[in-house]
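Working notes, beginning with the structure itself.
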């Protein structure tokens with residue numbers, strides 16, 4: 002079914018809530034940018050996409066809006082997603098007379114309507130044909146897990162909008178759970194904490210910087226602190242304060258526990274033979290959310306299984322889609338049309 006794809010420009014897209022990564026067959030990863038679009042409200046045209054648009058968040062005039070068109074791993078704004086996909090496809094294939102065939106990674110738990118929206122947006126953005134692959138499967142392939150063997154592989158893909166947990170054996174997903182809680186929720190609870198505890202209003206980018214710099218799921222060898230600037234809700238004036246890694250760990254703790262509980266529930270529903278494989282071989286962490294300091298140690302301690310971090314967690318899904326495109330004879334069965 003997919004053998005003819007080798008003759009065309011094939012591209013794979015990890016269409017994430019926070020970041021979009023594009024893989025071109027034969028070239029590798031060519032684009033890795035934030036999933037943000039800034040567009041002119043009056044002209045309904047994209048002004049900037051990716052990192053340039055992210056730098057505009059919270060800084061645009063009234064006629065320009067900077068938005069993230071995906072929410073919880075699915076399309077929240079169809080037209081803006083189409084603008085973004087068109088930009089990334091054009092950037093990936095700067096030359097060529099043939100429209101590309103597009104493979105897009107999607108969360109395993111999305112509905113049929115959401116699935117069709119991804120396919121339609123990809124085709125309207127310039128794709129000749131569109132195929133989809135579930136993100137846990139792509140992440141497992143990208144992380145180098147032996148998905149074709151008759152043994153259980155546990156993959157945990159934590160993105161910006163969703164946490165995907167799956168047990169894979171013999172090239173298929175035996176058990177899978179999709180939780181619409183991930184990196185974005187960590188940012189949100191940090192913003193809410195600063196607002197309630199310190200009357201300090203901060204933006205998404207500042208909350209993300211706090212998470213990256215001093216956020217952790219497990220106690221650090223040396224606890225850190227960070228100066229945070231925002232607007233005082235009482236006086237309306239600029240204000241700064243110091244936050245510590247200890248208090249941020251307490252703030253994000255409930256979100257981390259939600260993710261851990263989803264992993265536990267997935268393991269509970271795994272057949273005994275595969276569960277014993279996971280106890281022996283452990284779980285693989287992928288996705289940008291996996292970069293939270295100490296998350297692997299925390300999950301391992303709570304669930305009593307070894308947990309490993311993928312070589313490049315942020316790129317695991319895109320690398321997996323790329324491996325599928327490069328070896329369709331072996332991996333062609335993983336597409337979900």
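Residue numbers (our numbering): 2 to 338.
Glycine included, every Cβ here is placed at the ideal spot set by N, Cα and C.
Nothing here was measured: the structure is a model prediction, and the numbers come from that model.
Cα-Cα separation, residue i to residue j
i	j	result
residue 87	residue 79	12 Å
residue 111	residue 75	7 Å
residue 210	residue 294	13 Å
residue 336	residue 291	25 Å
residue 140	residue 287	7 Å
residue 215	residue 100	44 Å
residue 137	residue 144	10 Å
residue 317	residue 285	11 Å
residue 16	residue 106	6 Å
residue 82	residue 21	11 Å
residue 146	residue 133	20 Å
residue 308	residue 264	12 Å
residue 77	residue 202	25 Å
First through last residue of the beta strand (DSSP E) which encompasses residue i
i	result
residue 173	173-180
residue 44	Premise fails: residue 44 is in no beta strand (DSSP E) and is neither H nor E.
residue 73	No beta strand (DSSP E) contains residue 73, which DSSP labels as neither H nor E.
residue 257	Taken as a continuous stretch (DSSP letters only), residue 257 belongs to no beta strand (DSSP E), being part of the alpha helix (DSSP H) at 246-269.
residue 16	11-16
residue 285	284-287
residue 102	102-107
Close-in-space but distant-in-sequence residues of the same chain around residue i (CB under 7 Å, 5 per side omitted)
i	result
residue 93	12, 23, 25, 31 and 32
residue 49	39 and 57
residue 239	230 and 232
residue 306	279, 280, 283 and 284
residue 29	323
residue 367	This structure leaves residue 367 out entirely; the chain is present only between 2 and 338.
Cβ shell of residue i (< 6 Å), same chain only, five flanking positions each side left out
i	result
residue 2	Note that residue 2 scores a pLDDT of 46, beneath 50, so its modelled location is shaky and nothing firm can be said.
residue 326	11, 13 and 26
residue 261	300 and 303
residue 115	75
residue 169	141, 148 and 154
residue 159	183, 288, 290 and 291
residue 217	246, 250, 294 and 295
residue 270	176
residue 194	252
Residue i classed as buried or exposed, judged by whether at least 16 other C-beta atoms fall within 10 angstroms
i	result
residue 241	exposed
residue 62	exposed
residue 272	exposed
residue 42	exposed
residue 123	buried
residue 179	buried
residue 212	buried
residue 277	exposed
residue 186	buried
residue 55	buried
residue 366	This structure gives no information on residue 366, because the portion of the chain shown stretches from 2 to 338.
residue 7	Only weak support is given to the placement of residue 7: the predicted model assigns it a pLDDT of 46, under 50, and the value that follows is read from those uncertain coordinates. Flag for residue 7 reads exposed.
Close-in-space but distant-in-sequence residues of the same chain around residue i (CB under 8 Å, 5 per side omitted)
i	result
residue 235	200
Boundaries (first-last residue) of the alpha helix (DSSP H) holding residue i
i	result
residue 317	317-327
residue 228	Not the alpha helix (DSSP H): residue 228 falls in the beta strand (DSSP E), residues 226-233.
residue 28	No alpha helix (DSSP H) contains residue 28, which DSSP labels as neither H nor E.
residue 335	Element bounds for residue 335: n/a, residue is neither H nor E.
residue 113	113-125
residue 296	296-304
residue 292	Segment: none, residue 292 is in no alpha helix (DSSP H) and carries neither H nor E.
residue 86	79-93
Cutoff 8 Å: residue i Cβ touching any chain B Cβ
i	result
residue 198	Considering every chain present, this structure includes no chain B. It has just one protein chain.
Would you mind listing the beta strand (DSSP E) stretches within the segment 134-222 that are 3+ residues and don't spill past its ends, in chain order?
-> Complete beta strand (DSSP E) runs here, min 3: 154-159, 164-170 and 173-180.
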